[in-house]
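Data block below; observations after.
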Amino acid sequence: MNKVVKIIVIFLVAICMSAIMQTKSNAADIEISKTKKTLYVGAEFNLKITGTNKKITWTSSNKKVATVSSKGRVKAKKKGTTEITAKVGKQKLKCSIKVKNLPGESKKTKGVIYLTFDDGPSANITPKVLDILKKEKVKATFFVLNYSKSNEKLIKRIVKEGHTIGVHGYSHEYSKIYKSKKAFLNNVYSLQEKIEKLTGVKTKYMRFPGGSSNTVSRHYSKGIMSKLVGEMLGRGFRYYDWNVSSGDAGGAKTSNDVYRNVTRNLSKNRGNMVLCHDFAGNTKTLNALTKIIKYAKKNGYKFKAIDEDTPLYKHPVNN
Ligand SMILES: [Zn+2]
Numbered sequence: 018m019n020k021v022v023k024i025i026v027i028f029l030v031a032i033c034m035s036a037i038m039q040t041k042s043n044a045a046d047i048e049i050s051k052t053k054k055t056l057y058v059g060a061e062f063n064l065k066i067t068g069t070n071k072k073i074t075w076t077s078s079n080k081k082v083a084t085v086s087s088k089g090r091v092k093a094k095k096k097g098t099t100e101i102t103a104k105v106g107k108q109k110l111k112c113s114i115k116v117k118n119l120p121g122e123s124k125k126t127k128g129v130i131y132l133t134f135d136d137g138p139s140a141n142i143t144p145k146v147l148d149i150l151k152k153e154k155v156k157a158t159f160f161v162l163n164y165s166k167s168n169e170k171l172i173k174r175i176v177k178e179g180h181t182i183g184v185h186g187y188s189h190e191y192s193k194i195y196k197s198k199k200a201f202l203n204n205v206y207s208l209q210e211k212i213e214k215l216t217g218v219k220t221k222y223m224r225f226p227g228g229s230s231n232t233v234s235r236h237y238s239k240g241i242m243s244k245l246v247g248e249m250l251g252r253g254f255r256y257y258d259w260n261v262s263s264g265d266a267g268g269a270k271t272s273n274d275v276y277r278n279v280t281r282n283l284s285k286n287r288g289n290m291v292l293c294h295d296f297a298g299n300t301k302t303l304n305a306l307t308k309i310i311k312y313a314k315k316n317g318y319k320f321k322a323i324d325e326d327t328p329l330y331k332h333p334v335n336n
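Going by the working numbering, the first residue of the sequence shown is number 18, and it counts up by one from there.
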């Protein structure tokens with residue numbers, strides 16, 4: 018008899034324990050993907066709830082700082098803090114959001130020139146650009162494309178000589194990279210990883226092919242640029258457009274044109290983000306570079322590579 022009672026008691030205890038554990042694990046299974054996040058103004062990201070099929074109601078305690086959509090997409094609006102709440106039945110899950118301003122113009126950026134070279138590296142132009150920069154003791158930024166084995170040394174040299182390396186994209190082919198968000202992200206991350214493996218630098222700096230204001234992407238995906246600018250900021254990337262264009266990929270016919278396009282548009286009252294290219298065969302900028310640097314130095318400008326404090330010089334989005 019005693020033995021039977023014992024077995025029954027053990028059995029009941031086991032049932033109770035399993036019931037308790039089940040409720041506990043059910044409660045613990047509902048999770049929010051992030052409980053804390055710092056974002057820059059303009060950044061967007063998705064909050065996700067896992068472990069439930071129930072309806073989720075999203076709210077932001079300060080919609081001026083950040084809003085949240087019915088699907089959990091958070092958009093950072095202005096500097097401050099807010100709490101995003103997801104209500105699932107009686108349960109509430111929270112994520113604290115801190116919104117910061119992106120670096121803006123300041124005393125530090127006045128009269129600074131940020132030379133940027135896109136679409137490289139190329140075996141015949143990039144080494145010569147690097148030679149000039151070295152000779153003139155100027156630091157610049159290179160937004161590169163995918164590179165061959167033989168051009169790996171140029172990527173290494175860019176980093177070794179103190180320039181900033183950024184992602185332009187594995188490919189520059191608009192029809193491929195702007196057909197979807199997924200395609201675009203893959204185009205950025207695949208190159209970012211490749212550069213990191215080669216140099217140890219995990220760059221967060223990028224420039225959209227065609228700039229963030231490009232209209233060409235309309236042909237492949239309507240509204241994609243509006244999505245991507247917030248998406249990339251939300252993922253911790255900084256994208257840089259420009260406010261001075263050398264015209265070396267279009268309008269400028271000679272290196273004199275490049276020289277004029279750059280020097281005429283420089284200003285001492287702001288930072289100057291100068292768009293140039295070091296793709297194969299582009300001798301226009303190469304042949305104007307020393308003259309541009311000498312002009313700028315003579316007129317009191319300073320050169321810097323893009324860093325943490327560099328303003329974005331964002332273009333308005335057109336798609
Ligand atoms: Zn480009």
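Note that CB positions come from ideal geometry on N, CA and C, so glycine has one too.
| query | result |
| --- | --- |
| Any chance the CB of PRO226 is under 6 Å from a heavy atom of ligand 1? | yes |
| Is the beta carbon of ASP136 within less than 6 Å of some heavy atom of ligand 1? | yes |
| Just the Cα atoms here: how many angstroms apart are SER77 and ILE101? | 4 Å |
| If we ignore side chains and look at the alpha-carbon of each, how far apart do TYR222 and LYS107 end up? | 42 Å |
| Can you tell me whether SER42 is buried or exposed, with buried defined as 16 or more other CB within 10 angstroms of its CB? | Any reading at SER42 must be qualified, since the residue scores a pLDDT of 47, below 50, and its modelled position is unreliable; the value itself is stated next. So SER42 ends up on the exposed side. |
| Determine the DSSP secondary structure at TYR187, reduced to helix, strand or coil. | coil |
| Quick one: give me the first and last residue of the alpha helix (DSSP H) that ARG224 is part of. | Premise fails: ARG224 is in no alpha helix (DSSP H) and is neither H nor E. |
| Among the residues of its own chain, which have a CB less than 7 Å from the CB of VAL105, if the five just before and after it don't count? | ILE47, ILE66, THR69, LYS71 and ILE73 |
| Could you give the distance in angstroms between the alpha-carbon of ARG252 and the alpha-carbon of TYR187? | 18 Å |
| How about the region 157-174 and the region 190-203: do they share at least three Cβ pairs that are nearer than 8 Å? | no |
| Can you tell which of HIS189, ALA60 and THR126 has its C-alpha closest to the C-alpha of LYS319? | THR126 |
| Specify, as a first and last residue, the run of the alpha helix (DSSP H) that LEU283 falls within. | Careful: LEU283 lies outside any alpha helix (DSSP H) and carries neither H nor E. |
| Under DSSP, the alpha helix (DSSP H) around ALA83 begins and ends at which residues? | First-last for ALA83: 83-85, but that is the beta strand (DSSP E), not the alpha helix (DSSP H). |
| Along the chain, where does the alpha helix (DSSP H) that runs through ASP148 open and close? | 143-153 |
| Take LEU150 and list the residues in its own chain whose beta-carbon comes closer than 6 Å to its own, dropping the five residues that flank it on each side. | ALA157 |
| Helix, strand or coil for LEU306? Go by DSSP, reduced to three states. | helix |
| Looking only at DSSP bridge pairs, what is GLY97 linked to? | VAL116 |
| Is the beta carbon of THR143 less than 7 Å from the beta carbon of LEU171? | yes |
| Taking its Cβ as the centre, do 16 or more other Cβ atoms sit within 10 Å of HIS294, making it buried, or is it exposed? | buried |
| Whether or not the region 132-142 and the region 87-103 are in contact is what I'm after, with contact meaning three or more pairs of Cβ atoms, one per stretch, closer than 8 Å; do they touch? | no |
| Given a cut-off of 7 Å on the beta-carbon distance, is the pair VAL261 and ASN289 in contact? | yes |
| Using the beta-carbon count (16 or more within 10 Å), is SER12 buried or exposed? | Outside the displayed span of the chain (18 to 336) sits residue 12, for which this structure offers no information. |
| Let me know the secondary structure DSSP gives GLU210 once reduced to three states. | helix |
| According to the neighbour-count rule (16 or more other Cβ atoms, all chains shown, within 10 Å of its Cβ), is ARG281 buried or exposed? | exposed |
| Any idea if SER263 is buried or exposed, counting beta-carbon neighbours within 10 angstroms, 16 or more meaning buried? | buried |
| Grab me the residues of VAL233's own chain with a C-beta within less than 8 Å of its C-beta, minus the 5 sequence neighbours each way, in chain order. | TYR191, TYR195 and GLY227 |
| Give the secondary structure of ALA337 by DSSP, where H, G and I count as helix, E and B as strand, and everything else as coil. | The structure shown has nothing for residue 337, since the chain only spans 18 to 336. |
| At the level of alpha carbons, what is the spacing between GLY121 and PHE296? | 30 Å |
| Measuring CA to CA, which of LEU110, LYS117, LEU119 and GLY59 is closest to VAL7? | Residue 7 falls outside the range modelled here, since the chain spans only 18 to 336, and no answer is possible. |
| Can you say whether LYS54 is buried or exposed, counting buried as having 16 or more other CB atoms within 10 angstroms of its CB? | buried |
| With distance defined between alpha-carbon atoms, name the residue in GLY247, SER87, LYS109 and LYS95 nearest to ILE49. | LYS109 |
| Are the region 303-318 and the region 203-216 touching by the rule of at least three beta carbon pairs closer than 8 Å? | no |
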